[in-house]
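Protein chains in written order, with full-length UniProt numbering: chain A, 1 to 146; chain B, 1 to 323.
Below is the structure:
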């Protein structure tokens with residue numbers, strides 16, 4: 001992969017279910033992410049996607065293209081227009097830089113748009129090197145040091 | 001500046017807010033769960049992440065879950081004796097609430113991942129209030145951006161840095177000021193409100209002549225008897241009449257607000273609010289059913305309504321909506 005390489009777009013239907021379950025699995029119980037009346041009382045027309053779900057979708061968009069074992073180093077996300085139920089979020093990305101350090105380090109610029117405009121702009125840095133879990137610290141076995 | 005300048009004074013508020021920059025937002029706080037395969041699997045299911053490195057008992061946690069491990073979820077504000085928010089941060093948020101900035105929305109997030117997280121990792125974190133912006137007007141409303149920087153550790157080792165920016169704002173479009181008026185509960189109506197608290201809709205029936213009545217009053221308008229029994233209504237009814245209120249704003253209600261009189265199946269009529277239907281969908285005779293709403297109206301997550309329920313009505317489910 002080289003600088004300037006576009007990633008294939010990913011189209012995500014923003015269902016009410018995605019918004020609510022996204023909030024739940026990120027442990028975000030703010031009412032605006034699951035209660036339409038509470039969202040309206042705060043000036044939004046409906047529930048809207050939380051930032052942690054947007055983070056997750058952007059991250060998996062990038063890692064799924066880099067293959068198993070790609071490791072994220074940095075993720076910077078700025079939100080624009082909200083994602084409401086019924087929207088369609090289209091993520092697009094371009095690899096903007098590639099460097100060789102300890103493995104291949106890529107920077108990907110990602111944008112996500114829906115019917116009302118730009119929902120997210122993000123910069124993701126990843127290393128294409130499988131993570132290996134370090135061996136557990138030595139525990140004193142039978143007859144070992146106390 | 002007057003020494004009496006309060007939080008409604010912009011300059012005074014800006015100075016008071018700025019004083020929180022650099023103060024801790026969380027000190028030696030602990031993530032509520034150790035890193036675990038179940039939460040990893042649930043997250044991957046929803047995000048559509050099928051990378052095999054996140055599967056099974058030895059799964060590595062997706063890096064973008066970093067903040068998930070420090071989320072409070074539905075836990076009480078303080079648990080286990082470890083406050084996850086510092087007093088300074090609580091004060092700052094309360095100051096903004098008092099200034100009318102009761103709503104919150106996240107706008108930016110920057111995360112740096114220094115070490116992968118594995119099942120069994122114990123999460124601890126410290127956070128600092130990095131900045132509090134001057135007053136800003138946005139599409140959502142007017143408020144202040146608050147940026148925090150959190151250092152997240154696993155087993156004491158720095159695993160990630162999480163910078164998060166929220167906008168605390170006064171909603172621009174609700175057209176409502178102040179809390180919803182609370183119901184008037186007195187000796188004559190206490191029985192009705194006790195029923196509502198238990199999600200039962202109660203009306204009175206005269207013991208002597210059998211006439212049903214609502215609202216609750218001590219005596220029967222037909223025979224004058226003061227003897228009565230409380231009867232539970234089914235909650236089903238129809239719209240007897242209604243008014244769509246566009247103006248003036250009703251505190252705590254979303255405008256336009258639908259006020260109506262419901263004729264219950266049992267024959268009594270009840271003045272109430274009709275929800276869940278657009279004004280053009282309302283009609284006399286529309287079948288409705290009761291539900292119980294928190295009288296607190298807006299307020300932030302965690303519920304600030306004080307638990308006072310009120311009965312409201314919404315269109316009854318029709319046959320073709322069900323399976």
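From the three backbone atoms N, C-alpha and C, an ideal C-beta is built for every residue, glycine too.
- For the C-beta of residue 51 (chain B), the chain A residues within less than 9 Å are, from N- to C-terminus, 60, 63, 64, 67, 68, 69, 70.
- Under the Cβ criterion (8 Å, minimum of three pairs), the stretch 179-190 of chain B does not count as touching the stretch 149-159 of chain B.
- Going by beta carbons, residue 117 (chain A) and residue 91 (chain A) fall outside the 8 Å limit.
- One finds 68, 71, 73 in chain B with Cβ atoms closer than 7 Å to the Cβ of residue 27 (chain A), taken in chain order.
- For residue 194 (chain B), the secondary structure class from DSSP, reduced to helix, strand or coil, is helix.
- Using a CB distance below 7 Å, the part of the stretch 106-121 of chain B facing chain A consists of 106, 107, 108, 109, 110, 111, 112, 113, 116, 118, ordered along the chain.
- If only complete runs of 4 or more residues are kept, the UniProt domain "FAS1-like dehydratase" (32-155) of chain B shows the alpha helix (DSSP H) at 37-47, 87-98, in order along the chain.
- Contact between residue 243 (chain B) and residue 253 (chain B) is absent: CB atoms are separated by about 13 Å, not below the 8 Å threshold.
- Three or more beta-carbon pairs separated by less than 8 Å link the stretch 284-293 of chain B to the stretch 226-244 of chain B, which places the two stretches in contact.
- For chain A, the residues of the stretch 137-153 of chain B that bring a beta carbon within less than 7 Å of one of its beta carbons are 140, 141, in chain order.
- Annotation: Cβ neighbours of residue 51 (chain A) in chain B (cutoff 7 Å, chain order): 106, 109.
- Against residue 64 (chain B), the close residues of chain A are 55, 56, 59, 72, 75, in the order they occur along the chain (beta-carbon pairs closer than 7 Å).
- Boundaries of the beta strand (DSSP E) around residue 260 (chain B): 257-264.
- Against chain A, the beta carbon of residue 171 (chain B) has neighbours under 8 Å at 41, 42, 43, listed in chain order.
- Three or more beta-carbon pairs separated by less than 8 Å are not found between the stretch 41-57 of chain A and the stretch 85-100 of chain B, which leaves the two stretches without contact.
- For residue 21 (chain A), a Cβ of chain B is located within less than 8 Å of the residue's own Cβ.
- In the three-state reduction of the DSSP assignment, residue 54 (chain A) falls in the helix class.
- For residue 37 (chain A), the enclosing alpha helix (DSSP H) has its first and last residue at 36-41.
- DSSP, read as helix, strand or coil, puts residue 97 (chain A) in strand.
- At least 8 Å separates the beta-carbon of residue 132 (chain B) from that of residue 149 (chain B).
- Listed along chain A are 25, each with a C-beta nearer than 7 Å to that of residue 42 (chain B).
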